[in-house]
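Colleague: My questions will all concern the structure given below.
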Amino acid sequence: MANVAVYNMEGKEVGSLELNDAVFGVEVNEHLVHMAVLQQLANNRQGTQKAKTRSEVRGGGRKPWRQKGTGHARQGSTRAPQWTHGGVVFAPVPRDYSFKLNKKEKRAALKSVLTSRVNESKFIVVDELKLDSIKTKNFVQVLNNLKVEKALVVLNDMDTNVIKSASNVPTVKTAQTNELNVFDVLKYDTVVVTKDAVKAIEEVYA
206 MANVAVYNME GKEVGSLELN DAVFGVEVNE HLVHMAVLQQ LANNRQGTQK
256 AKTRSEVRGG GRKPWRQKGT GHARQGSTRA PQWTHGGVVF APVPRDYSFK
306 LNKKEKRAAL KSVLTSRVNE SKFIVVDELK LDSIKTKNFV QVLNNLKVEK
356 ALVVLNDMDT NVIKSASNVP TVKTAQTNEL NVFDVLKYDT VVVTKDAVKA
406 IEEVYA
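Under the numbering used here, the residues of the sequence shown are numbered 206 to 411, in order.
Structure follows, in structure tokens:
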């Protein structure tokens with residue numbers, strides 16, 4: 206089992222924590238991680254793009270001029286794709302981009318990225334993360350103490366002061382343990398997690 210240092214909000218090491226290898230010491234499966242990210246991005250797509258084909262554009266039912274004798278190229282409709290205001294060739298239509306990933310695969314992918322962050326020493330455990338008031342300055346000071354800039358902050362309990370203080374920092378996202386996902390873990394350079402949150406993650410995924 207891997208041991209990681211535990212820090213307080215001043216950035217001082219106050220102990221250590223043994224991580225469960227069933228969650229934080231698995232073999233990294235890059236293919237599953239790739240599929241999990243693809244699925245999350247695909248499921249977030251609206252898929253509402255739409256353009257009209259020549260059969261859907263209004264008008265153009267009458268032949269614009271006779272077939273022969275005008276000197277113009279023959280035309281059958283003013284709504285053909287080569288005309289201004291004509292239809293679109295192979296026009297995009299609304300579609301659902303989402304696809305399914307099995308629950309076991311999602312869990313394995315999340316374990317893989319968490320293991321990667323631990324191996325890269327980008328998994329910082331704090332004994333607790335609490336603020337007396339909603340102050341972005343105080344939250345930024347905690348990040349500076351931990352020498353962290355772009356971070357995913359994982360909490361076990363919803364702390365309004367921390368969440369609202371962090372919401373003004375563009376390089377930080379807060380999440381509860383039940384909101385943890387592969388994309389966010391990869392997007393942010395460092396995962397900052399409370400001791401309670403580590404235990405909660407291990408209870409769910411071990």
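Where a beta carbon is used, it is the ideal one built from N, C-alpha and C, also for glycine.
By Cβ distance below 7 Å, which residues in the same chain neighbour Ala227 in space, the five residues on each side in sequence not counted?
Modeller: Within the sequence shown, residue 227 is the residue found at index 22, counting from 1. Counting only Cβ-Cβ distances below 7 Å, and skipping sequence neighbours, we find Ala411.
Colleague: With a CB to CB cut of under 8 Å and the five nearest residues on each side skipped, what residues in its chain are close to Leu246?
Modeller: To locate residue 246, count along the sequence shown from 1; it is residue 41. Phe388, listed in sequence order.
Colleague: Roughly how many angstroms lie between the CA atoms of Lys233 and Arg259, to the nearest whole one?
Modeller: Here residue 233 refers to the residue found at position 28 of the sequence shown. Here residue 259 refers to the residue found at position 54 of the sequence shown. Per the sequence presented here, residue 233 reads as Val, with Lys not at that position. When rounded, the distance between both Cα atoms is 50 Å.
Colleague: With 16 other CB atoms within 10 Å as the buried threshold, where does Lys268 fall?
Modeller: As a working note, residue 268 is residue 63 in the sequence shown. It is exposed - the Cβ of Lys268 has fewer than 16 other Cβ atoms within 10 Å.
Colleague: Look up Val385 in the DSSP assignment and say whether it is helix, strand or coil.
Modeller: Residue mapping note: residue 385 aligns to position 180 of the sequence shown, counting from 1. Checking the displayed sequence, the identity of residue 385 turns out to be Leu instead of Val. Note: Leu385 maps to coil in three-state DSSP.
Colleague: Please report the distance separating the alpha-carbon of Gly281 from that of Phe295.
Modeller: As a first step, residue 281 is located in the sequence shown; it is residue number 76 there, counting from the start. As a first step, residue 295 is located in the sequence shown; it is residue number 90 there, counting from the start. Distance between the alpha carbons of Gly281 and Phe295: 19 Å.
Colleague: Tell me where the alpha helix (DSSP H) around Thr341 begins and ends.
Modeller: Position 136 of the sequence shown, counted from the start, is the residue given in the question as residue 341. Unbroken alpha helix (DSSP H) run through Thr341: 341 to 350.
Colleague: Quick one: is Phe344 buried, meaning 16 or more other Cβ sit within 10 Å of its Cβ, or exposed?
Modeller: What you label residue 344 is simply residue 139 of the sequence shown in a count that begins at 1. By the 10 Å Cβ count, Phe344 comes out buried.
Colleague: Please say whether Leu351 and Gly220 have beta carbons closer to each other than 8 Å?
Modeller: Here residue 220 corresponds to residue number 15 of the sequence shown, with the count starting at 1. Here residue 351 corresponds to residue number 146 of the sequence shown, with the count starting at 1. No, Cβ-Cβ distance for Gly220 and Leu351 is not below 8 Å.
Colleague: Measuring CB atoms only, is the segment 291 to 310 touching the segment 372 to 384, in the sense that at least three cross pairs come out at less than 8 Å?
Modeller: They do not touch, by the three-pair rule.
Colleague: Using only alpha-carbon positions, find the residue among Glu261, Thr341, His239 that is nearest to Asn386.
Modeller: The count along the sequence shown starts at 1 and reaches residue 386 at position 181. Considering only alpha carbons, the answer is His239.
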